[in-house]
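Chemist: Pasting a structure below so you can have a look.
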Amino acid sequence: MNIRLNQEYLNFICHKSLELFNSTEVWIFGSRVDMNKKGGDLDIFIKTPNTDNILQTKIIFLREFDNKFGEQKVDLIIEAANSKFNKIFEIAKQEGVNICYNLQK
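So the sequence shown is numbered by the numbering used here: it starts at 6 and just counts up by one.
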């Protein structure tokens, strides 16, 4: 997997996505999937079947991420079941890396 994140980050992101969003459809995209770049913010895309309390759940995810890893620049994009189409959803899935594909629901 060509991604600039260690396994601890990947495990946390996948498990929190499953716990909070009931989803294992999670992609890392942006500069963290470019092995020639350094640094950069962390771009996470989660596709969830949930429709309720998405903003509140997103805040919980980000707070727990910060508590575990310290404050970092994280862009968390959520496609809920009732989301209107947004081009960033396509970009994240096409250019990103699906990190939780073998995690069981």
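Every residue, glycine too, gets a C-beta built ideally from N, C-alpha and C. All values derive from a computational prediction rather than experimental measurement.
Would you report the Cα separation of E30 and Y106, rounded to the nearest angstrom?
Modeler: Indexing the sequence shown from 1 puts residue 30 at position 25. Indexing the sequence shown from 1 puts residue 106 at position 101. Near 7 Å, if we compare the C-alpha coordinates of Y106 and E30.
Chemist: Count the other CB atoms within 10 Å of the CB of G35; is the residue buried (16 or more) or exposed (fewer)?
Modeler: In the sequence shown, counting from the first residue as 1, residue 35 sits at position 30. Counting Cβ neighbours within 10 Å, G35 comes out buried, since at least 16 surround it.
Chemist: Straight-line CA distance for G45 to K78?
Modeler: Residue mapping note: residue 45 aligns to position 40 of the sequence shown, counting from 1. Residue mapping note: residue 78 aligns to position 73 of the sequence shown, counting from 1. Rounded to whole angstroms, G45 to K78 spans 8 Å at the Cα level.
Chemist: Within the chosen definition, does the region 62-69 reach the region 88-97 through at least 3 CB pairs nearer than 8 Å?
Modeler: no
Chemist: Taking the alpha carbon of D48 as the reference point, which residue from Q12, N87, I83 has its own alpha carbon closest?
Modeler: One-based indexing of the sequence shown puts residue 48 at position 43. Per the Cα distances, I83.
Chemist: Classify I93 as helix, strand or coil using the three-state DSSP reduction.
Modeler: Taking the sequence shown and counting its residues from 1, one reaches residue 93 at position 88. In the structure shown, I93 sits in a helix (DSSP, three-state: H, G or I).
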